[in-house]
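Undergrad:
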Amino acid sequence: MHAGEQWAPEHFLIEPHVHPVWEIYLQQHGTTHWMAGGESYVLHPGHLFAVPPGLIHHLAGRSGNHHFYFAAVDLEPVVRRHPALAPHWPTTVVHTEAGELAYAFAQLVRELTTRYEYTDLGLELAVDHLILAVSRALAPTAVPQLAMHPAVRTVKRLLDQEFHEHWTLRELADRVGLAPAYLAELFANELGQPPHRYLSERRIDRARQLLEASDVTITALALSLGFSSSQHFARAFRQHTGSTPTAFRASRSR
Numbered sequence: 022m023h024a025g026e027q028w029a030p031e032h033f034l035i036e037p038h039v040h041p042v043w044e045i046y047l048q049q050h051g052t053t054h055w056m057a058g059g060e061s062y063v064l065h066p067g068h069l070f071a072v073p074p075g076l077i078h079h080l081a082g083r084s085g086n087h088h089f090y091f092a093a094v095d096l097e098p099v100v101r102r103h104p105a106l107a108p109h110w111p112t113t114v115v116h117t118e119a120g121e122l123a124y125a126f127a128q129l130v131r132e133l134t135t136r137y138e139y140t141d142l143g144l145e146l147a148v149d150h151l152i153l154a155v156s157r158a159l160a161p162t163a164v165p166q167l168a169m170h171p172a173v174r175t176v177k178r179l180l181d182q183e184f185h186e187h188w189t190l191r192e193l194a195d196r197v198g199l200a201p202a203y204l205a206e207l208f209a210n211e212l213g214q215p216p217h218r219y220l221s222e223r224r225i226d227r228a229r230q231l232l233e234a235s236d237v238t239i240t241a242l243a244l245s246l247g248f249s250s251s252q253h254f255a256r257a258f259r260q261h262t263g264s265t266p267t268a269f270r271a272s273r274s275r
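Per the numbering used here, the sequence shown runs over residues 22 to 275.
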């Protein structure tokens, strides 16, 4: 029915409302307080908030600046295409850790905001992918095929979900109780690059999406991603892509 990505100012407020289909929110940055069915929920980065059809929900007061994805999806056409996805979703609000959904949401928003060939097919596949990802998040039975050190997994999750933060190696090491040098060695051995390089790549990946799918200014985009300035962002973007942010955006708008 609708989907999008919202950067909300401090005094942004969502009034009580209801939908005839499931509405799914994914908190990206900041913290929000929601009410749904008389219950209170606090969303931090990486939290999925899924509201069933017919349930009144709203933001419980004004939050600070925050950023989230949202989508209201009619599940019936998805299930007709993929009967295995017939949802065994609960009848109440779901509030769970699901930061890996960000990619599926970003792809859906990209299909909605960018002129591609095969538009209808692309949108259909993006919706199906999102519902698959949500279904997996609600029934987390996946078993990693490649073992990862718990500290590396935790740091990777932090960098994936909170890439806008100004992380230092010391701060990351303190989060997992390791010496900075040892964490850097573990991380590089398992992921092939040190934490700061991984963080930079996550920021540039997100920058590509925003440059392609939004008209946010280069300076605002740079600051929202954790870069100290637009010049810092432009240098990092060129190092990773061989192009300037302005040239990249122009090439995608043709």
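Every residue, glycine too, gets a C-beta built ideally from N, C-alpha and C.
#1: Find the nearest neighbour of V99 within the set L212, V148, A160, R174, judged by alpha-carbon distance.
#2: Does DSSP put A271 in a helix, a strand or coil?
#3: State the start and end residues of the unbroken alpha helix (DSSP H) segment that holds G143.
#4: Kindly identify the DSSP beta-bridge partner or partners of Q48.
#5: Does the beta-carbon of I152 have 16 or more other beta-carbons within 10 angstroms, so that it is buried, or is it exposed?
#6: Please report the straight-line C-alpha distance between S61 and H38, rounded to a whole angstrom.
#7: Just mark T53 as buried or exposed, buried being the case when its beta carbon has 16 or more other beta carbons within 10 Å.
#8: Can you tell which of H78, S249, T140 has its C-alpha closest to the C-alpha of V115?
#9: Check the DSSP bridge columns for T117 and list the partner residues they point to.
#10: So, are the CB atoms of E44 and V72 less than 7 Å apart?
#11: Cα separation between Y139 and A154?
#12: What is the DSSP secondary structure of H217, counted as helix, strand or coil?
#13: Should Y90 be labelled buried (16 or more other beta-carbon atoms within 10 Å of its own) or exposed?
#14: Output the boundary residues of the beta strand (DSSP E) element that contains L64.
#15: What does the alpha-carbon distance come out to for the pair G25 and H87?
#16: Which term fits A160, buried or exposed, when burial requires 16 or more other beta carbons within 10 angstroms of its beta carbon?
#17: Cα separation between A271 and S251?
#18: Excluding the 5 residues flanking Y46 on each side, which residues of the same chain have their C-beta closer than 6 Å to its C-beta?
#19: To which residues of the same chain is A257 closer than 8 Å at the C-beta, ignoring the five residues directly before and after it?
TA: Based on what the coordinates show:
#1: Taking the first residue of the sequence shown as 1, we reach residue 99 at position 78. Of all alpha-carbon atoms in L212, V148, A160, R174, the one lying nearest the alpha-carbon of V99 is that of V148.
#2: Position 250 of the sequence shown holds residue 271. In the structure shown, A271 sits in a helix (DSSP, three-state: H, G or I).
#3: Counting from 1 along the sequence shown, the entry for residue 143 is found at position 122. That run of the alpha helix (DSSP H) goes 140-159.
#4: As a first step, residue 48 must be located in the sequence shown, where it is residue number 27. Beta-bridge pairing links Q48 to F89.
#5: For the purposes of this step, residue 152 is taken as residue 131 along the sequence shown, with counting starting at 1. Flag for I152 reads buried.
#6: To locate residue 61, count along the sequence shown from 1; it is residue 40. To locate residue 38, count along the sequence shown from 1; it is residue 17. If you take the alpha carbons of S61 and H38, they lie about 15 Å apart.
#7: As a working mapping, residue 53 is identified with position 32 in the sequence shown. Classification of T53: buried, given that the 10 Å Cβ count is 16 or more.
#8: Within the sequence shown, numbered from 1, the residue matching residue 115 stands at position 94. Closest option to V115, Cα to Cα, is H78.
#9: The residue you call residue 117 lines up with position 96 of the sequence shown. L69, per the DSSP bridge assignment.
#10: For the purposes of this step, residue 44 is taken as residue 23 along the sequence shown, with counting starting at 1. For the purposes of this step, residue 72 is taken as residue 51 along the sequence shown, with counting starting at 1. It is a contact, given that the beta carbons lie within the stated cut-off.
#11: Walking along the sequence shown from the start, residue 139 turns up at place 118. Walking along the sequence shown from the start, residue 154 turns up at place 133. One C-alpha to the other measures close to 22 Å.
#12: Numbered from 1 along the sequence shown, position 196 holds the residue referred to as residue 217. It is helical.
#13: For the purposes of this step, residue 90 is taken as residue 69 along the sequence shown, with counting starting at 1. Buried: at least 16 other Cβ atoms inside 10 Å.
#14: Counted from its first residue, the sequence shown places residue 64 at position 43. Run containing L64: 60-64, per the beta strand (DSSP E) assignment.
#15: By 1-based counting over the sequence shown, the position of residue 25 is 4. By 1-based counting over the sequence shown, the position of residue 87 is 66. Near 14 Å, if we compare the C-alpha coordinates of H87 and G25.
#16: To locate residue 160, count along the sequence shown from 1; it is residue 139. Exposed.
#17: One-based indexing of the sequence shown puts residue 271 at position 250. One-based indexing of the sequence shown puts residue 251 at position 230. When rounded, the distance between both Cα atoms is 17 Å.
#18: Counting from 1 along the sequence shown, the entry for residue 46 is found at position 25. Taken in chain order, the residues that qualify are F70, F89, F91.
#19: For the purposes of this step, residue 257 is taken as residue 236 along the sequence shown, with counting starting at 1. Closer than 8 Å at Cβ, skipping near neighbours: S221, R224, I225, F248.
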